[in-house]
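The opening position of the sequence shown corresponds to residue 67 in the numbering used here, with each subsequent residue numbered one higher.
Written below as structure tokens is the structure these notes are about.
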Amino acid sequence: MTDHLHHTLYDGRRVAFRYTHGAGPCLVFLPGYMSDMSGSKATALFAEAQEQGRACLLLDYSGCGLSDGEFAQGMLSGWRDEVLALVASYVSGSVLLVGSSMGGWLMLLVAEHLKDRLAGLIGIAPAPDFTRWGYSEEQRAKLAAGETIFEPNPYGPEPTPTYARFFADAECHLRLETGIAITCPVRLLHGKADADVPWEISLRLKAALRSDDVQVTLIEDGDHRLSRPADIAALKAIVAEFYG
């Protein structure tokens, strides 16, 4: 990927991003944990935006991909601020947030700030509050005590770390147990064969949202990544609803 730019935040953080101008709401894609804007879903949506003449923004959170920083320093609140800074600097008009996995948690935090600018939300195997349901009590205790935990990574050779800094910050951003004051249209796409984020989380998220326009699409044999051609076609069809 060669056509990326960097944006420098107030504290010196340099965040890599890609942006294409266009009509309609600007699609802003939020990757998952330890993922970046080079993923198959992000690149497919960006290419389609270019083809269709739609605005689209991709980014790498600090510590990820082409952005500066150390992943061990990453937190939801910091990544939320990076997304908001990019939107404020480069996007005019309404915003369509698309969040994958952890990005589906982050999109809720971003959406709470964008408010009237929201055209809608699309969650792909969204994982809000995963620090509560995604870890054992023993793991949570270690994180709360300041330790780093490591888990097997099904997508690469190195284990996946979770840092105490991320955990402590995330515990301040839990959303499923209380009503989420988001009223725009929301679409949630989830595989029933997801081994990482139970599909029932999308149902819990639907129940927590105050929007009266929330639809959950379940893919019977879909895994967590939802990156097969048929999965991406289903995602594109959902995106198209917002550009009718």
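Note that CB positions come from ideal geometry on N, CA and C, so glycine has one too.
Computed from a prediction, not measured in an experiment: that's the story for all the values here.
Under DSSP, residue 228 takes part in a beta bridge, and its partners are 215. Here residue 181 is exposed. Its C-beta has fewer than 16 other C-beta atoms within 10 Å. Under the DSSP assignment, residue 139 falls outside any alpha helix (DSSP H); it carries neither an H nor an E label. Looking at the backbone, the Cα of residue 109 and that of residue 293 are separated by about 11 Å. In the three-state DSSP reduction, residue 109 falls in the helix class (H, G or I). If you draw a straight line from the Cα of residue 72 to the Cα of residue 286, it comes to about 39 Å. About 17 Å separates the beta carbons of residue 165 and residue 121, which is beyond the 8 Å limit, so they are not a contact pair. Under the DSSP definition of a beta bridge, residue 82 partners with 72. Per DSSP, the beta-bridge partners of residue 122 are 86, 93.
Around the beta carbon of residue 144, 16 or more other beta carbons sit within 10 angstroms, so the residue counts as buried. With a minimum length of 4 residues, the unbroken runs of alpha helix (DSSP H) contained wholly in the stretch 136-171 fall at 142-156.
Look at the beta carbons and you see the stretch 242-251 touching the stretch 271-286: at least three pairs across the two are nearer than 8 Å.
By the CB criterion at 9 Å, residue 240 and residue 198 fall inside the cutoff. Residue 119 holds the alpha-carbon nearest to the alpha-carbon of residue 306 among 261, 236, 177, 119.
Ranking 207, 226, 238, 147 by CA distance to the CA of residue 76 puts 147 first. Judged by DSSP in its simplified three-state form, residue 273 adopts helix.
Between residue 222 and residue 191, the C-beta gap is not smaller than 9 Å, which leaves the two residues out of contact. Straight-line spacing of the CA atoms in residue 266 and residue 177 works out to 22 Å.
Taking C-beta separations shorter than 7 Å and ignoring five residues to either side along the sequence, the partners of residue 105 in its chain run 97, following chain order. Taking 9 Å as the cut-off, the beta carbon of residue 232 is found no closer than this to the beta carbon of residue 206. Distance from residue 103 to residue 79 at the Cβ level is roughly 16 Å; contact not present, criterion being Cβ atoms closer than 8 Å. If you look at residue 198, you'll find it in the alpha helix (DSSP H) that goes 196-199. Going by DSSP, residue 253 is part of the beta strand (DSSP E) stretching over 252-257. Short of 8 Å from the beta carbon of residue 238, and not among the five residues preceding or following it, lie these beta carbons of its own chain, in chain order: 143. Membership of residue 305 in the alpha helix (DSSP H) is indicated by the continuous run 295-306.
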